[in-house]
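Chains as they are written, first to last, in the numbering used here: chain A, 1 to 255; chain B, 1001 to 1255. Beta carbons are placed, not taken as given, at the ideal position from N, Cα and C, and that holds for glycine. Since this is a predicted model, take the numbers as computed values, not measurements. Read the structure below first, then the notes.
2 protein chains.
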Amino acid sequence: MLTAERRQLILELLHKNKKVLSSELSADFKVSEDTIRRDLRELSEAGQLQRVHGGALLTSPTKASYADRQKQAPEEKKAIARTAAKLVRPGQVVILDGGTTTLQVARSLPLDLQATIVTNSPPIAMSLADHHHIDVVMLGGQLYKKALVNVGAGTVENLGMIRADLCLLGICSLHPDIGISVQNLDEAHIKRAMISRSVEVVGLATAAKLDTAASYVVGPIQALTYLVTASQVVPEALEAYKNIGLTVIRDEYVS
Amino acid sequence: MLTAERRQLILELLHKNKKVLSSELSADFKVSEDTIRRDLRELSEAGQLQRVHGGALLTSPTKASYADRQKQAPEEKKAIARTAAKLVRPGQVVILDGGTTTLQVARSLPLDLQATIVTNSPPIAMSLADHHHIDVVMLGGQLYKKALVNVGAGTVENLGMIRADLCLLGICSLHPDIGISVQNLDEAHIKRAMISRSVEVVGLATAAKLDTAASYVVGPIQALTYLVTASQVVPEALEAYKNIGLTVIRDEYVS
DNA sequence: TAATACCACGCATTATCGTGCAGTTTTTTG
DNA sequence: CAAAAAACTGCACGATAATGCGTGGTATTA
């Protein structure tokens, strides 16, 4: 039995039964579980299945990747989100960027807060549906499925009609010299437009995002008014940013 | 039973019944309540549900009301949706209205279908994120929370740039004399704009929507090219519509 | 207030997982 | 055709995840 052949059969079994178990596959194909695990890993990286403890499931890669990202340092994200949510004043018009951290911000907003939230993220818009005193303005555009945000020229154009008091920006990569950068050109355009339409800009960054850079530059560090991080970030790591003149807010989170 | 599998089932149960009890889940899945509690905790951290004493509830009142509406004649809606989904041809640009029936249409679309779907409904946009060959265009606007659709002048304006082959319209009320009507003026504007931007218009109506009327008129029956209903609608009820010249498609559903 | 049900936390147990390593097979290349 | 490179496989071993139980705390109800 060829490797590729076995993997093909694994996929067939998966589609037939909706799930496969490492132990069963190992018995079925008379190979070690290590081999099966390697198969599953390969197939998972190819986006063909969703690995779980004990085997694999047939699931939508998009939702899975989004759920995965939400699981990365969820406590840190929540802590940052709680702190950032406090920066929103009643009556303000706030631009809320897409992303898992900003989604937590939306969830952290007080239920009785009166404000207008502008966002290009369908999940964020939906999560705000309970906040009866919040007007939600959705920016349309082409759905960028990987991040579940709307992007494109139309989105930027719609932003042109907005004049916001505050912008809460999820930070993918932040570097003292390079500034704010992201992995996708469309997202870079959106974030840049969001920044330009807001009086104050708050960057939300988990520890892992600091001192990193990606391919597309949104703007310099100076574009940010505040940077919100979790307290698990070592103070020394923030020195470079403070020296540039950035106001850093470290939350109360203790790891 | 895999852990991830069990958690997925918990979510399904939750969406079906709007609540789950730790004790019941423990009995159903034959695992200890501790395990169930751990599941609920994890899912709650991921924002998928809200933990309460004794079990868990749906995250938000909005989702609950949305779940309520989805529970109204779900089989009929699914049958209609399946039939309507078959009307979409590869390569077409399709406007998909908001609503629980049209959400089922989105879910019924083949995973390998290549098309462009234009929608003003965040839930529909998100549900299409798995369809890798579908381009999703979101119409922005103000979020009308009750129906989770974007409305307003901006939405209508964005529609002005669209020229669609097909429009799938959820029907709230249909009457031979009065035509298509809805309970909300903003939605009426949107639906009217959607109709005007499409070559063909398909109305999706469950039995309960026929021969009813609401306050705001979208347009006459003649605005529709096709009307899709479930086979549980008695043929006589459709006579009036057929006489006007409407092509009625009755699906294969048997109650 | 007392009784009951529910919950959080720590611990031990078991199954599963990841990784480095060596032997084998397959593919590539000269 | 033969040597080199790459891929595949199984094993050992430490790490991680999942689960159930006991203890003690907390919410709910009478």
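Using a Cβ distance threshold of 9 Å, B:Cys1172 and B:Met1194 do not count as a contacting pair. For the region 1153 to 1176 of chain B, the set of positions with a beta-carbon nearer than 9 Å to some beta-carbon of chain A reads Gly1154, Thr1155, Asn1158, Met1161 in chain order. Of all alpha-carbon atoms in A:Ala205, A:Val217, A:Gly160, the one lying nearest the alpha-carbon of A:Ala237 is that of A:Ala205. Using a CB distance cut-off of 9 Å, A:Asp34 does not count as an interface residue toward chain B.
In this structure, B:Gly1055 sits near B:Glu1024, with a CB-CB distance shorter than 9 Å.
With its beta carbon at least 9 Å from every one in chain B, A:Ala205 lies outside the interface. For B:Thr1247, the uninterrupted beta strand (DSSP E) run begins and ends at 1247 to 1250, by DSSP. Within the region 114 to 141 of chain A, Pro122, Pro123, Ala125, Met126, Ala129, Asp130, Asp135, Val136, Val137, Met138, Leu139, Gly140, Gly141 place their CB atoms closer than 7 Å to a CB of chain B, listed in sequence order. With respect to the 9 Å criterion, A:Leu143 and A:Tyr66 are not classified as neighbours on the basis of their beta carbons. Interface criterion not met: the Cβ of A:Ala223 is under 9 Å from no Cβ in chain B. For A:Leu103, the secondary structure class from DSSP, reduced to helix, strand or coil, is helix.
Contacts between B:Ala1208 and chain A, judged by CB atoms closer than 7 Å, are missing: the closest CB pair is about 25 Å apart. Across the structure, A:Ala4 and A:Ala213 are spaced so that their CA atoms are roughly 37 Å apart. The beta carbon of A:Ala106 lies closer than 6 Å to those of Ile124, Ser127, Leu128 in the same chain, with the five residues before and after it left out.
Cβ-Cβ distances below 6 Å link A:Thr119 to Leu96, Ala125 in the same chain, with the five nearest sequence neighbours on each side left out; the list follows chain order. Burial state of A:Asp34 is exposed, judged by a 10 Å Cβ sphere holding fewer than 16 other Cβ atoms.
Residue pairing for A:Ile117: DSSP places it in a beta bridge opposite A:Val94, A:Val136. In the three-state reduction of the DSSP assignment, B:Ser1215 falls in the coil class, being assigned neither a helical nor a strand state. Residues of the region 4 to 32 of chain A whose Cβ lies closer than 8 Å to any Cβ of chain B, in chain order: Lys19, Leu21.
Check the Cα spacing between A:Val199 and each of A:Leu58, A:His175, A:Arg7, A:Arg163: the tightest is with A:Arg163. In the DSSP annotation of this structure, the continuous segment of the beta strand (DSSP E) that includes A:Arg51 starts and ends at 50 to 52. When DSSP assignments are scanned along the region 1 to 58 of chain A, the uninterrupted stretches of beta strand (DSSP E) that are 3 or more residues long and fall wholly within it turn out to be 19 to 21, 50 to 52, 55 to 57.
Interface criterion met: the Cβ of B:Leu1143 is under 9 Å from a Cβ in chain A. Within chain A, no residue has its beta carbon less than 9 Å from that of B:Ser1044; the closest one is some 11 Å off. In the same chain as A:Gly99, and ignoring 5 residues on each side of it, the C-beta atoms closer than 6 Å to its own belong to Gly170, in chain order.
Only residues of its own chain outside the window of five on either side were considered, and among them none has a CB closer than 7 Å to the CB of B:Lys1071.
The three-state reading of DSSP puts B:Ile1180 in strand, counting E and B together.
Think of a sphere of 7 Å around the beta carbon of B:Thr1102: no beta carbon from chain A falls inside it, the nearest being about 15 Å out.
Pairing B:Val1156 with B:Ile1190, the inter-Cα distance amounts to about 6 Å.
In the structure shown, B:Thr1083 falls within a helical segment according to DSSP collapsed to helix, strand and coil.
Pairing A:Val233 with A:Gly179 gives a Cβ-Cβ distance that is not under 9 Å. By the beta-carbon neighbour count (other beta carbons within 10 angstroms, threshold 16), A:Gly141 is buried. Residue pairing by DSSP puts B:Gln1142 in a beta bridge opposite A:Val137, B:Val1151.
Rounded to whole angstroms, the Cβ separation of B:Val1228 and B:Val1201 is 11 Å, and the two are not in contact under 8 Å. In this structure, the straight-line span from the alpha carbon of B:Gln1092 to that of B:His1131 is close to 15 Å. Distance from the CA of A:Ala64 to the CA of A:Val94, rounded to the nearest whole angstrom, comes to 29 Å.
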